[in-house]
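Just below is one structure, and these are the notes that go with it.
In this note's numbering, the protein residues as written are 2 to 269.
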């Protein structure tokens, strides 16, 4: 009988209340009817809307929480409930979000990784140091970095990434512009005796050494670091070539087809 009485009043309100779009009116009706049904489920239905007290609302919110309803959904429901109760002249104290212990959890903003393209120079272990150097100074992927062979891929004035090791199975060439790049390639030749890093050091051992180095320097393991090459080349080439040609050169050297991918690299 109590449930019927509450429903009757609510139905009259919903019939007369035409504020908002169809979707808003449907949501309003759903929440108010759910409120009545859930008060009945709890076993504490007031005689009428005039008899509803703050403890009814607190029990209702606790019931929703126990049923794993999201906090944001409960807060949206309560906005409708409070508006409805005010509309039928039923003001109840202590049913604001704070009193009901409702608050939206704010997501922590992702901390931007601060790392320079020459970060590798401070690394002690030569294997991960050279892998990082090849990513940040030549724009190679991890797999490309560990599989280039000095006698095949290192040319006099460039690195030739052949399709058998390229991430996109397409040949590409990265020119040698700086003395730092020459020093990196010379070190690889001396260290690996003409072999690729993966052949010289074993693939699994190389991966392990790489992960240990990243952990030591507090860097994410799953991240690709060749974006630092894109940022470095953008700063270097922009005054020389202009924006359009700089973008084209970087995408060509890194094997990037999508402009969106380049934009993400430059804004990492």
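The beta carbon of each residue, even a glycine, is placed where N, CA and C say it ideally should be.
Every value quoted in this text rests on a predicted model; they were computed, and no experiment measured them.
Distance check between residue 212 and each of 173, 222, 260, 6 places 222 closest, using alpha-carbon atoms only. If you look at residue 252, you'll find it in the alpha helix (DSSP H) that goes 244–255.
Residue environment analysis places residue 129 among the buried positions, since at least 16 neighbouring C-beta atoms fall within 10 angstroms of its C-beta.
In the same chain as residue 69, and ignoring 5 residues on each side of it, no C-beta atom comes closer than 6 Å to its own. Ranking 140, 145, 255 by CA distance to the CA of residue 197 puts 145 first. Rounded to whole angstroms, residue 62 and residue 101 show a C-alpha spacing of 7 Å. Residue 93 holds the alpha-carbon nearest to the alpha-carbon of residue 58 among 87, 93, 190, 141.
Annotation for residue 166: 144, 145, 148, 149, 154 place their beta carbon closer than 8 Å to its own, counting only its chain and skipping 5 residues before and after. Residue 245 and residue 82 have their C-alpha atoms some 56 Å from each other. Membership of residue 159 in the beta strand (DSSP E) is indicated by the continuous run 159–162.
One thing to note: residue 75 has its Cβ within 9 Å of the Cβ of residue 66. Taking each of 9, 24, 96, 231 in turn and checking the Cα distance to residue 136, the smallest one comes out for 231. Counting along the chain, residue 176 sits inside the beta strand (DSSP E) bounded by residues 173–176. With 16 or more other Cβ atoms inside 10 Å of its own Cβ, residue 29 counts as buried. Here residue 237 is exposed, its C-beta having fewer than 16 other C-beta atoms within 10 Å. Rounded to whole angstroms, residue 116 and residue 193 show a C-alpha spacing of 27 Å. Closest by C-alpha distance to residue 262, out of 191, 80, 227, is 227. Under DSSP, residue 155 shares a beta bridge with 160.
Residue 46 sits in coil when the DSSP states are folded into three classes, being neither helix nor strand. Here residue 184 is exposed. Its C-beta has fewer than 16 other C-beta atoms within 10 Å. When secondary structure is reduced to three states using DSSP, residue 106 falls in the coil class, being assigned neither helix nor strand.
C-alpha of residue 181 to C-alpha of residue 254: approximately 18 Å in a straight line. Below 8 Å, too few C-beta pairs join the region 84–93 and the region 198–205 to call them touching: fewer than three. Across the set 127, 8, 56, the C-alpha of 56 shows the shortest separation from the C-alpha of residue 45. Rounded to whole angstroms, the separation of the alpha carbons of residue 95 and residue 105 is 18 Å. In the DSSP assignment, residue 144 falls within the unbroken alpha helix (DSSP H) covering 143–148.
Your pair residue 210 and residue 126 checks out as a contact, with CB atoms roughly 6 Å apart and the cut at 8 Å.
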